[in-house]
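In our numbering, the protein residues as written are 5 to 567.
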């Protein structure tokens with residue numbers, strides 16, 4: 005082991021004192037010297053692999069090919085490869101074993117024996133840990149029994165088999181249950197996670213059962229199990245969510261914590277009784293989801309700069325509006341993160357808490373114990389906050405407390421479900437809020453939508469008809485030759501022509517002119533017209549600019565926006 009340390013000193017400038025500290029720690033608690041040095045931040049993982057490569061005379065690869073054969077997954081338990089951090093690689097004419105720890109001689113011999121490679125030349129290559137784990141997870145995910153095969157095995161089975169212990173399964177891909185329904189549920193989750201779906205819908209109809217998933221805001225069919233599986237399938241999901249499986253006449257809400265491959269998933273479960281059985285909607289939230297910086301939201305400078313200025317104000321309300329799934333929460337979290345520092349006290353009340361932010365007090369709404377947005381907000385203002393985030397203004401009581409908080413020196417962030425920024429004023433008036441309170445408390449209203457982006461792998465140019473351009477307010481002068489883009493559809497985008505989403509934004513600043521108008525009228529059309537006269541870029545106009553830039557399509561902008 006000291007030899008590895010000496011190589012690191014010679015090859016990458018590791019200081020002898022750092023090596024001495026690592027050797028001392030190794031003597032106290034054991035472990036690999038390279039892993040200790042990486043954990044201490046003295047060297048990088050690739051430095052250690054290069055040193056091991058010199059020591060064992062092995063090549064070092066930084067990545068693994070994306071087209072490796074996955075047939076080994078039928079022969080080797082996934083836990084064996086994960087525990088020993090190795091994976092067999094067959095890609096084209098290249099054949100080798102990717103290792104992370106070359107000291108595991110016996111598992112390597114066992115792998116050769118399991119794969120029946122005795123007497124064959126199969127070299128070993130050192131590879132960073134993450135590419136190895138990614139290859140393992142991908143291979144076992146891709147070779148899970150297909151839905152068609154699983155459904156062929158499904159018949160009326162013993163309901164007791166559905167009650168297998170959830171906690172004992174660390175990873176759904178490790179689950180070897182022989183229950184077809186359990187396998188079907190596991191397959192449903194693993195496919196949704198692999199496709200990066202945000203929701204799964206289990207929908208019962210008179211003579212059929214349909215399972216759909218939402219990708220980039222659009223629902224697509226997944227599988228259609230036989231109707232007689234409906235009760236067992238729903239029961240299995242309810243068991244996983246620890247819901248009452250005997251209660252089928254009332255809606256229920258629960259949650260499931262899953263691990264699929266290397267992803268930890270928090271699943272919010274909602275059941276609803278319908279004429280043909282319980283409908284189940286599963287919202288998938290990645291625990292590892294990283295906060296998107298405010299600068300990465302894709303907000304143009306003419307809106308980003310004033311919005312950034314408003315979220316740093318001393319008091320007032322900043323509202324973000326849009327329908328469910330339009331990215332409002334992501335925008336507000338990005339705003340909070342950008343102003344979060346030790347100088348200010350930030351407290352949120354949310355339903356649910358979707359991101360955990362260090363340094364911010366976050367409260368979860370719980371109506372069962374009368375912890376609502378309104379009651380929680382009353383308590384929060386007694387906690388000496390500088391900034392308050394209210395997940396959603398749902399009623400007049402919450403709106404009134406938020407406004408009073410803003411008027412007494414707090415900066416308040418919240419969301420409303422309205423079609424555009426001007427409609428937020430109308431909604432608050434409908435809740436019974438007086439115009440002078442709206443005018444004096446609101447700083448800015450940001451309306452937003454998410455549009456699907458054209459898949460970069462199948463993007464193609466075409467000449468758009470004039471009438472299509474006119475639908476979103478574009479003229480031929482703005483697009484020379486009427487050349488715009490669309491996606492043909494390919495494997496990488498599930499043949500939709502789209503991959504990923506970005507925001508389009510409309511920012512209504514409450515200037516003195518706008519405040520005077522709000523005192524006179526709550527008509528959304530008048531407010532919007534005046535805002536446009538004052539230079540506001542509408543949602544559709546922002547979408548049209550993204551069509552000009554080749555980011556999205558005319559159809560997509562027309563789908564999510566209104567004139």
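Don't be surprised by glycine CBs; every beta carbon is placed ideally from N, CA and C.
Every value quoted in this text rests on a predicted model; they were computed, and no experiment measured them.
- For residue 36, there is no enclosing beta strand (DSSP E), as DSSP marks it with neither H nor E.
- Boundaries of the beta strand (DSSP E) around residue 458: 446-458.
- Here the alpha carbons of residue 100 and residue 64 stand approximately 12 Å from one another.
- Cβ contact annotation for residue 206 (same chain, cutoff 6 Å, sequence separation greater than five): 215 and 284, in chain order.
- When DSSP states are grouped into helix, strand and coil, residue 506 belongs to the strand group.
- In the DSSP annotation of this structure, residue 412 is not part of any beta strand (DSSP E), being labelled neither H nor E.
- With a cutoff of 8 Å on beta-carbon distance, residue 332 and residue 419 are scored as near each other.
- In this structure, the straight-line span from the alpha carbon of residue 497 to that of residue 444 is close to 47 Å.
- Under DSSP, no beta-bridge partner is assigned to residue 437.
- For residue 546, the enclosing alpha helix (DSSP H) stretches over residues 543-552.
- In this structure, residue 72 sits near residue 94, with a CB-CB distance shorter than 8 Å.
- Here the region 373-388 does not lie against the region 306-324, with fewer than 3 beta-carbon pairs under 8 Å apart.
- A direct Cα-Cα distance of roughly 13 Å separates residue 9 from residue 57.
- Beta-bridge pairing by DSSP links residue 214 to 207.
- In this structure, residue 395 and residue 353 form a Cβ contact; the two beta carbons are roughly 6 Å apart against a cut-off of 8 Å.
- In the three-state reduction of the DSSP assignment, residue 102 falls in the strand class, which pools E and B.
- Counting other Cβ atoms within 10 Å of its Cβ, residue 560 reaches 16 or more and is therefore classed as buried.
- The beta-bridge partner set that DSSP reports for residue 225 consists of 216.
- DSSP places residue 532 in the helix class (H, G or I) of the three-state scheme.
- Taking a 10 Å sphere around the C-beta of residue 92, we find 16 or more other C-beta atoms and assign the residue as buried.
- By the 16-neighbour rule on beta-carbons within 10 angstroms, residue 221 is buried.
- Per DSSP, the unbroken alpha helix (DSSP H) holding residue 58 starts and ends at 49-60.
- Here residue 90 is bridged, per DSSP, to 103.
- The Cβ atoms of residue 213 and residue 189 lie no closer than 8 Å to each other.
- The C-beta distance from residue 514 to residue 448 rounds to 6 Å, short enough to meet the 8 Å contact threshold.
- In the DSSP annotation of this structure, the continuous segment of the beta strand (DSSP E) that includes residue 277 starts and ends at 267-278.
- In the DSSP secondary-structure assignment, residue 263 is bridged to 268.
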